[in-house]
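Participant: The sequence shown maps to residues 45 to 180 in the working numbering. Ideal Cβ placement from N, Cα and C applies to all residues, glycine included.
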Amino acid sequence: MFDALKNTMGAFRFHFWSRYLPRHSRRPTANRHLKAPQAQHLPTVVACWQAMETFVLCACIATGLLQLFSLKYHEGLWKQQVLYLRTRSRELPSENTVRQILAPLLARQLLRSPPKAFWWRINAAVNGDEEDEGQT
45 MFDALKNTMG AFRFHFWSRY LPRHSRRPTA NRHLKAPQAQ HLPTVVACWQ AMETFVLCAC
105 IATGLLQLFS LKYHEGLWKQ QVLYLRTRSR ELPSENTVRQ ILAPLLARQL LRSPPKAFWW
165 RINAAVNGDE EDEGQT
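1. Are L121 and P137 touching if we call contact CB-CB under 8 Å?
2. In terms of alpha-carbon separation, which member of V100, L109 and L150 lies closest to F56?
3. Have a look at P148 and E119 and give me their C-alpha separation to the nearest angstrom.
4. Would you say L110 and V89 are within 8 Å of each other, going by their C-beta atoms?
5. With DSSP as the reference, label N167 as helix, strand or coil.
6. Taking the alpha helix (DSSP H) that G54 falls in, what are its first and last residues?
7. State the Cα-Cα distance for the pair N140 and A48, rounded to the nearest angstrom.
8. I need the boundaries of the alpha helix (DSSP H) containing P148, first residue and last residue.
9. Quick check on DSSP: helix, strand or coil for M45?
10. The alpha helix (DSSP H) that contains W122, what's its start and end?
11. Is the beta carbon of F60 closer than 8 Å to that of C104?
12. On a Cα-Cα basis, can you pick out the residue from N167, N171, L146 and W164 that is closest to K123?
13. Would M53 be called buried (16 or more neighbouring beta carbons within 10 Å of its own) or exposed?
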């Protein structure tokens, strides 16, 4: 599971950082050297940790969805698989294989959706084009 989270989903590639977070060394240090953040910086530190945990949680959910797709739709996934795979080592495709199959299909589906679809509303809100926000 850790390998799938680290390599397939990139769950630990987050860049939520704050200068108020304590610095960590790769070598373990004694607890007596650890310092708590100052009281005025505590909300920022808590928000930063919350963002990190949420990012990893979303990656865990996505990994579970990939495993579910692998279990339920393995025959259809193997038919859609066009990338080189040296040998099929098992009946069920791995998380990485499912991700490689579903990523282009999902991107194609999002681009083909009608302009008033939910995806395009999110895109417009992110880019600041909210002229039809009141219309539903």
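Facilitator: On the basis of the coordinates in this document:
1. Taking the sequence shown and counting its residues from 1, one reaches residue 121 at position 77. Taking the sequence shown and counting its residues from 1, one reaches residue 137 at position 93. Yes, Cβ-Cβ distance for L121 and P137 is below 8 Å.
2. Position 12 of the sequence shown holds residue 56. When only C-alpha atoms are compared, the closest one is V100.
3. As a working note, residue 148 is residue 104 in the sequence shown. As a working note, residue 119 is residue 75 in the sequence shown. When rounded, the distance between both Cα atoms is 18 Å.
4. Within the sequence shown, numbered from 1, the residue matching residue 110 stands at position 66. Within the sequence shown, numbered from 1, the residue matching residue 89 stands at position 45. Against a cut-off of 8 Å, the Cβ pair of V89 and L110 comes out as no contact.
5. Stepping through the sequence shown from its first residue, residue 167 is reached at position 123. If DSSP states are grouped into helix, strand and coil, N167 belongs with the helices.
6. As a working mapping, residue 54 is identified with position 10 in the sequence shown. Neither: G54 is in no alpha helix (DSSP H) and is coded neither H nor E.
7. Taking the first residue of the sequence shown as position 1, residue 140 is located at position 96. Taking the first residue of the sequence shown as position 1, residue 48 is located at position 4. One C-alpha to the other measures close to 8 Å.
8. Here the question's residue 148 lines up with position 104 in the sequence shown. E139 to R156 is the span of the alpha helix (DSSP H), which, as asked, contains P148.
9. The residue given as residue 45 occupies position 1 in the sequence shown. M45 falls in the coil class under three-state DSSP.
10. Counted from its first residue, the sequence shown places residue 122 at position 78. Per DSSP, the unbroken alpha helix (DSSP H) holding W122 starts and ends at H118 to Q124.
11. Taking the first residue of the sequence shown as 1, we reach residue 104 at position 60. Taking the first residue of the sequence shown as 1, we reach residue 60 at position 16. Not a contact, by the Cβ cut-off of 8 Å.
12. To locate residue 123, count along the sequence shown from 1; it is residue 79. When each option's Cα is compared against that of K123, the closest is L146.
13. Against the sequence shown, residue 53 aligns to sequence position 9. Under this definition M53 is a buried residue.
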